Amino acid sequence: MPYVDGFVLAVPKDNIEAYKALAKTACAIWMEHGALDYVECIGDDVPYGELTSFPRAVMAKEDEIVVFAWIVYRDRETRDTVNKKVMADPRLKLDGMPFDGKRMIYGGFTTLLRASDVMG
């Protein structure tokens, strides 16, 4: 079963184009080093919940947009190997990020179920 790294973060609206450029570079790097898929999504329907929500989770401000992203790998071992290569890749050595990395949520997930397993 595939292994997935998931991310949620808040990007200032004024930095969306810079973030998109960073995402394109990151996508190319992750895919080159062995990821199976790389997806970045900009929040379009992410209401501020009473107790929990994507905006609350990343402490999104009025002028920020929530981004939800994930990277797919063959398995956990591949993910660990790919991420070591990515972190050592000089193309990701940036002077500044177009978002506050301290408010980013991320983690690795083992696949529980896929449509192809259920639907055949």
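Take 28 as the starting number for the sequence shown in my numbering and just add one per residue.
Quick reminder that beta carbons are idealized off the backbone N, C-alpha and C, glycines included.
Computed from a prediction, not measured in an experiment: that's the story for all the values here.
- The C-alpha of Glu89 is placed about 35 angstroms away from the C-alpha of Val109.
- A Cβ-Cβ distance of about 17 angstroms is found for the pair Pro29 and Tyr133, leaving them out of contact under the 8 angstroms criterion.
- DSSP lists Trp97, Gly134 as the beta-bridge partner residues of Gly33.
- Look at Tyr75 here: in three-state DSSP terms it is coil, with no helix or strand label.
- Counting along the chain, Val85 sits inside no beta strand (DSSP E), nor does DSSP assign it H or E at all.
- Residue pairing by DSSP places Val38 opposite Ile92 in a beta bridge.
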